[in-house]
Amino acid sequence: MNIDAALKEATSVDGAIGAALVDYESGMALGTVGGGTGLDLEVAAAGNTEVVRAKVRTLSMLGLDDTVEDILITLGTQYHLIRLLSGSNGSLFLYLALDRSRSNLALARHVLKRVEAELEV
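Structure, rendered in structure tokens:
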């Protein structure tokens, strides 16, 4: 599945506001779907890059031999889900913003895991 198809699949979840595939080494979005006036996906990509870098750095400083699967940021009205990609896509993450009142967080995590498995960059 290519980037556009992957992001469309990610935003097929009820309550999806927008999604992005982001390179956390550069902070640049490789692709985006959705967003708009309430959510600037380019700004979100850059900001969440800092979140991912901090968590990866913290794991290293703690000496934990483990990897981050996903990061959940819970806002009053939204969920922001970050899924780090494994394997050859190791510096990439999927970002999905959801309307908290209309979404199913467990389903969203399941969909992002499936998208990760099928994504070809």
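Numbering (UniProt numbering), first residue to last: 1 to 121. The beta-carbon is built from N, C-alpha and C at its ideal position, and this holds for glycine as well. Note that the structure is a prediction, hence the values are computed from the model and not measured.
Are the CB atoms of residue j and residue i within a distance shorter than 8 Å?
i	j	result
Leu119	Met28	no
residue 132	Val115	Coverage of the chain is limited to positions 1 through 121, which leaves residue 132 absent and any answer about it impossible.
Ser103	Asp14	yes
In the DSSP assignment, what are the bridge partners of residue i?
i	result
Met28	Asp23
Val33	Ala19
Quick check on this structure: which residue in the options has the alpha carbon closest to the alpha carbon of residue i?
i	options	result
Val68	Gly87, Gln78, Leu75	Gly87
Thr77	Ala5, Val56, Ala16	Ala16
Please work out which residues of its chain come closer than 6 Å, Cβ to Cβ, to residue i, disregarding the five sequence neighbours upstream and downstream, and give them in chain order.
i	result
residue 122	The structure shown does not extend to residue 122, since the chain is modelled only from 1 through 121, so no value can be given for it.
Drop a sphere of 10 angstroms on the beta-carbon of residue i, count the other beta-carbons inside from all chains shown, and report buried for 16 or more, exposed for fewer.
i	result
Arg83	buried
His80	buried
Ala117	exposed
Ala108	buried
Within the same chain, show all residues whose beta-carbon is closer than 8 Å to that of residue i, passing over the 5 residues directly before and after it, in chain order.
i	result
Ser12	Val111
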